Structures are given as structure tokens and as C-alpha cells.
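The block underneath contains the structure these notes are about, expressed in C-alpha cells.
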Amino acid sequence: MKTLVFQQKINNLFNKTNAHNSNEHISNYAGFIISLALHLALFFSLYGVFYNMDLRQNGESITTLSLATFMDTSNEDSVSETKPIVKKQKHREITKHDGKLAKQEEIITPPQNPPKAQPSENLEEGDVIQTLTFNDGSEDELFSKLKRAIDRKNKYPPMARKQGLEGRVVVEFVIHKNGGVSHIQLVESCPHKSLNLTALNAIKQAQNDFPIFTQTTKIRLPIVYKLDRG
């Protein structure tokens, strides 16, 4: 019995000794690794310092360039090279674009119903001008056509009608061979301004419906404003 107890104590002591030895072995190995890493780092740092010192002593300059430096330089070069090209292309495009627009305006926007040519206010020398004067009740065909065209545009002024104003005006204008009308004016006016203005506006609005004359003609005709009081 005493022998068994003694043997167990010996085994326990042997196991503790083995565990202590293994722990000590692991700690020694880790310390070696850390020491090696520190020595290597110190070696490379010292090597770089002495290497740079040797280069400086030999008269060589050390320049550190980063990737950003190359990228910025290349971008500046590309921008400086492409700027003139972009400006030239834009200028050419604008010139062509303006030319196309001008042509389209000439082709697409012609007047569908071109108005009659407006003659010069000053009659040229050598123009043969005939003067036609029509009186009330005239049966002349030209007078009838002119009168119908004017009557369609001549509206009795509402205020003059309300106030019971009446009057007679004589208008004069020139019809040119190309159909244009000029020199519209009052030869005889009435006391009521609204009737005078209405007569002039009626000639201006009706001129596109006037008959065509073979030669430049000065027309003089009366316009009567009379209310139906029946």
C-alpha cells in the first residue's frame, strides 16, 4: 500500500515537470521570434539610412515620386493638349449650325400669302398718274368695286352711333400698278374726329381687296356716315 502511494507521488511530480518544461519551451520560442523581427526591422532601417547617405555623398539626388504626381501631370498634359482641339471643333460646329439655320429660315418660312408690295411714299418721276373723282350716286364699275371693299371694312363707330353723330368725309389715296396703296389722307373732314379716323382705317383695311389698275391712279371718293332714323 505504501508502495502504491509513493509511486503515484512520483508520477505526479514527473507530470508537473513535463508541463513546466513545455511551457518554458513555448515562451522561449516566442521570445526568439519577436527578437528576430525587431533585429530585422532595425537592420533594414539602418541599411536604408546608410544607403541614402552613400548616394548623397556620391553627388546623387534622391527624388520621391508618388502615383498621384504622375496622374496629375498626365491629366494636365492631356487637358492642355485637348483644350485647343475642343475650341476649334466647337467653333466649326457653331459656324455650320448657323449656316443651316439661315438656310432653313429661307426655305421653311416663306410667307404663304405675301402682302402686296408697299410702294415708296415718294412717287418716282415719269409715273403717269390719272386722277379719278367719284361723286355720290356714281354708277362707275371701278367706283362700285372700291365702295363694296370699303363698306365691308367700314364699321359705324359705336360711340358715334350712340351719340347720334353723322357726317361726310372725302378720302384720297393712290393705287399703284403693283396693287400697293399709299398717300391715304383726308381731303375733306367732318367735325367728328371718330368718323374721320374710321374712314382712314377703312381704307387701310380694305386695300388688299381693291381692283388692279393698269397705271398708277389717284382716287378721291366720299364716305358718308348717316344713321337710319326710320
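Going by UniProt numbering, 51 is the number at position 51 of the sequence shown; the sequence numbering is gapless. Quick reminder that beta carbons are idealized off the backbone N, C-alpha and C, glycines included. Computed from a predicted structure; not experimentally measured.
Q. How about I223 and I150: are their beta carbons less than 8 Å apart?
A. Taking the sequence shown and counting its residues from 1, one reaches residue 223 at position 223. Taking the sequence shown and counting its residues from 1, one reaches residue 150 at position 150. Yes, the pair counts as a contact, with Cβ atoms nearer than the cut-off.
Q. By a C-beta neighbour count over all protein chains shown, 10 Å radius and 16 as the cutoff for buried, is E173 buried or exposed?
A. For this step, residue 173 is matched to residue 173 along the sequence shown. The question names Glu, yet the displayed sequence has Phe at residue 173. Looking at its Cβ environment, which holds 16 or more other Cβ atoms inside 10 Å, F173 is buried.
Q | Element boundaries [beta strand (DSSP E), containing T216] | A | One-based indexing of the sequence shown puts residue 216 at position 216. First-last for T216: undefined, no H or E at that position.
Q: Tell me where the beta strand (DSSP E) around L132 begins and ends.
A: Counted from its first residue, the sequence shown places residue 132 at position 132. Element bounds for L132: 130-133.
(Q) In whole angstroms, give me the CA-to-CA distance for S35 and S45. (A) Here residue 35 corresponds to residue number 35 of the sequence shown, with the count starting at 1. Here residue 45 corresponds to residue number 45 of the sequence shown, with the count starting at 1. Each residue's Cα considered, the two are about 16 Å apart.
**Q.** CB of F143 within 8 Å of CB of L200, strictly
**A.** Sequence index remark: in the sequence shown, residue 143 carries index 143 (1-based). Sequence index remark: in the sequence shown, residue 200 carries index 200 (1-based). Cβ distance not < 8 Å, so F143 and L200 don't count as in contact.
**Q.** Inter-residue spacing [alpha-carbon to alpha-carbon] between L195 and K204
**A.** The residue you call residue 195 lines up with position 195 of the sequence shown. The residue you call residue 204 lines up with position 204 of the sequence shown. Between L195 and K204, the C-alpha separation is close to 15 Å.
Q: For the beta strand (DSSP E) containing S182, list its first residue and its last residue.
A: For this step, residue 182 is matched to residue 182 along the sequence shown. Its beta strand (DSSP E) spans residues 181-188.
Q. What separation, rounded to the nearest whole angstrom, lies between the Cα atoms of I175 and N208?
A. Here residue 175 refers to the residue found at position 175 when the sequence shown is read from its first residue. Here residue 208 refers to the residue found at position 208 when the sequence shown is read from its first residue. Answer to the nearest angstrom: the Cα atoms are 11 Å apart.
**Q.** Contacting residues, own chain, Cβ-Cβ under 8 Å from L186 (five flanking each side not counted)
**A.** Residue mapping note: residue 186 aligns to position 186 of the sequence shown, counting from 1. Once the five neighbours on either side are set aside, the close Cβ partners of L186 are V169, V170, V171, E172, N196, A199, L200.
Q) When you compare only the Cα positions, how much space is there between N28 and F43? A) The count along the sequence shown starts at 1 and reaches residue 28 at position 28. The count along the sequence shown starts at 1 and reaches residue 43 at position 43. So the two alpha carbons sit approximately 22 Å from each other.
Q. Thinking just about the alpha-carbon of each residue, which of L227, K153, V181 is nearest to the one in K162?
A. On the sequence shown, residue 162 is found 162 positions in, with the first residue counted as 1. Of L227, K153, V181, the residue nearest in Cα terms is L227.
Q) In this structure, what does DSSP give as the bridge partners for F173? A) Here the question's residue 173 lines up with position 173 in the sequence shown. Per DSSP, I219.
Q) Which residue from L40, R148, K218 puts its Cα closest to that of A206? A) Walking along the sequence shown from the start, residue 206 turns up at place 206. Ranking L40, R148, K218 by Cα distance to A206 puts R148 first.
Q. Count the other CB atoms within 10 Å of the CB of L216; is the residue buried (16 or more) or exposed (fewer)?
A. Here the question's residue 216 lines up with position 216 in the sequence shown. Residue 216 is actually Thr in this sequence, not Leu. Buried is the call here.
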